[in-house]
Each structure stands twice: as C-alpha cells, then as structure tokens.
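Engineer: Counting from 1 along the sequence shown, just add 10 to a position and that's the residue number in this note's numbering.
Beta carbons: idealized from backbone N, C-alpha and C, even for Gly.
Values in this document were obtained by computation on a predicted structure and should not be read as measured data.
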Amino acid sequence: MARFPITIKGFHKLEQELKHLKYVERLKITTDISTAREFGDLSENAEYKAAKERQLLNDKKFMT
Numbered sequence: 011m012a013r014f015p016i017t018i019k020g021f022h023k024l025e026q027e028l029k030h031l032k033y034v035e036r037l038k039i040t041t042d043i044s045t046a047r048e049f050g051d052l053s054e055n056a057e058y059k060a061a062k063e064r065q066l067l068n069d070k071k072f073m074t
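(1) Let me confirm a value: alanine 12 is counted as buried when at least 16 other C-beta atoms fall within 10 Å, else exposed. Which label applies?
(2) Under three-state DSSP, which class holds arginine 13?
(3) At which residues does the alpha helix (DSSP H) containing phenylalanine 72 begin and terminate?
(4) Tell me, to the nearest whole angstrom, how far the beta carbon of glutamate 57 is from that of alanine 46; I am working on the premise that it is less than 8 Å.
(5) Determine the burial state of isoleucine 39: buried for a count of at least 16 other Cβ atoms within 10 Å of its Cβ, exposed for fewer.
Quick look at the structure:
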C-alpha cells in the first residue's frame with residue numbers, strides 16, 4: 011500500500027470530513043430510507059432507490 015505524506019491541517023480536514031460522513035450524512039440517509047419505506051412498494055419507489063444509492067456512495071467514501 012502506498013503511503014502519502016500529509017500535513018496536520020490536511021489530516022484534520024480529512025478527519026472532519028470523515029466525522030461528517032459518519033455522523034451527519036449517514037444519519038440523514040438512514041432517515042430518508044425510513045421515510046421512503048413508508049411510501050409502500052419498494053420496487054417502484056424512486057425515493058427509496060435514490061436514498062439507497064446515496065447510502066452506497068457515502069459508504070464508499072467512508073471506506074476509502
């Protein structure tokens with residue numbers, strides 16, 4: 011695995027972004043998924059599909 015030098019300022023910026031993805035975005039997406047489920051049939055639910063896609067993208071950012 012390659013290593014890249016990073017400044018303290020850059021580290022803190024990445025740390026804040028990670029916290030935002032984990033504690034703000036993830037909770038908002040979870041709420042959006044719950045709300046979309048209330049609309050009924052998930053196979054034709056555009057709001058549900060969009061929220062699940064956002065969840066996937068958020069998790070990819072979180073894991074990299």
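Structural biologist: So, from the data block:
(1) exposed
(2) coil
(3) 56 to 73
(4) 4 Å
(5) buried
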